[in-house]
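For the sequence shown, the positions run 0 to 169 when numbering that gives the first Met the number 0 is used.
Ideal Cβ placement from N, Cα and C applies to all residues, glycine included.
Every value quoted in this text rests on a predicted model; they were computed, and no experiment measured them.
Right, one structure below, let's go through it.
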Amino acid sequence: MVAEREGGDVKAVVVYESLWGNTAAIARAIAEGIGEGAVALSTSEAAAERMAGADLVVAGAPLLGFSLPTEQMRESIRSQPQGKQPDLSSPSMRSWLEALPAASGRGAAFETRIRWSPGSAVKTILAGLEKAGYGTGGTADRFIVTGRYGPLKDGELQRARAWGEMLGRA
Ligand SMILES: Cc1cc2nc3c(=O)[nH]c(=O)nc-3n(C[C@H](O)[C@H](O)[C@H](O)COP(=O)(O)O)c2cc1C
0 MVAEREGGDV
10 KAVVVYESLW
20 GNTAAIARAI
30 AEGIGEGAVA
40 LSTSEAAAER
50 MAGADLVVAG
60 APLLGFSLPT
70 EQMRESIRSQ
80 PQGKQPDLSS
90 PSMRSWLEAL
100 PAASGRGAAF
110 ETRIRWSPGS
120 AVKTILAGLE
130 KAGYGTGGTA
140 DRFIVTGRYG
150 PLKDGELQRA
160 RAWGEMLGRA
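The following block contains the structure:
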């Protein structure tokens, strides 16, 4: 495992599940904050070979039905479309985590959600990253949307970029 790339850049992968684009936008802002060497990838783009040798993996998903989206929740959204059209073309974060090869980098998790909701997606993501061998130290953040399908609350993209900067420096 290479700890640092030339110029001190870490190889970082920010992986996201996103049905309506909010989590994808936060993922891109986190990757920008981490800087050179960081990419934001959907669960379909983040195949095992793209994860090889990553020093830092940051994984994020929306909170849906008070938890990390289940296959059942995704199927119910697929079969009963209402409101904004979802993008269900990429695998769930749950299935991505299950297929994640053993590794030894650092990990962190994030979720997008409504402010007042109970439940947590990040706990399940952190557990999945740790099971694969990533050291997380419980590092996680939550980013807020103002309605059922978004948009993100003002300032959340800037906060995500700053969080990425912090993760890249750590
Ligand atoms: C069917 C559905 C269920 C949701 N359930 C929750 C929930 O339990 N808690 C919450 O905080 N937000 C909930 N939300 C809001 C989403 O978490 C929020 O819109 C999220 O940013 C979506 O992420 P995405 O745009 O990346 O798919 C729900 C939204 C939908 C459409």
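**Prompt:** Any idea if K10 is buried or exposed, counting beta-carbon neighbours within 10 angstroms, 16 or more meaning buried?
**Reply:** buried
**Message:** Can you tell me where the alpha helix (DSSP H) holding G59 begins and where it ends?
**Reply:** Per DSSP, G59 belongs to no alpha helix (DSSP H); it is in the beta strand (DSSP E), 55-61.
**Request:** Note down, one range per segment and in chain order, each alpha helix (DSSP H) of at least 4 residues found wholly within the stretch 77-162.
**Result:** 92-97, 121-131
**Message:** Restricting to Cα atoms, I'd like to know which of L87, W115, G136 is closest to K122.
**Reply:** G136
**Item:** Buried versus exposed call for A60 [16 or more other C-beta atoms within 10 Å across all chains shown]
**Value:** buried
**Message:** Can you list, in chain order, the residues of its chain with a C-beta nearer than 6 Å to that of T145? Leave out the 5 residues immediately preceding and following it.
**Reply:** K152
**Message:** Does the distance between the C-beta of V144 and the nearest non-hydrogen atom of ligand 1 fall short of 7 Å?
**Reply:** yes
**Asked** L40: which of G167, A58, A51, I33 sits nearest, CA to CA?
**Response** A58
**Asked** Is the Cβ-Cβ distance between E16 and P68 less than 8 Å?
**Response** yes
**Request:** Could you tell me if the beta carbon of G118 falls within a distance shorter than 7 Å of some heavy atom in ligand 1?
**Result:** yes
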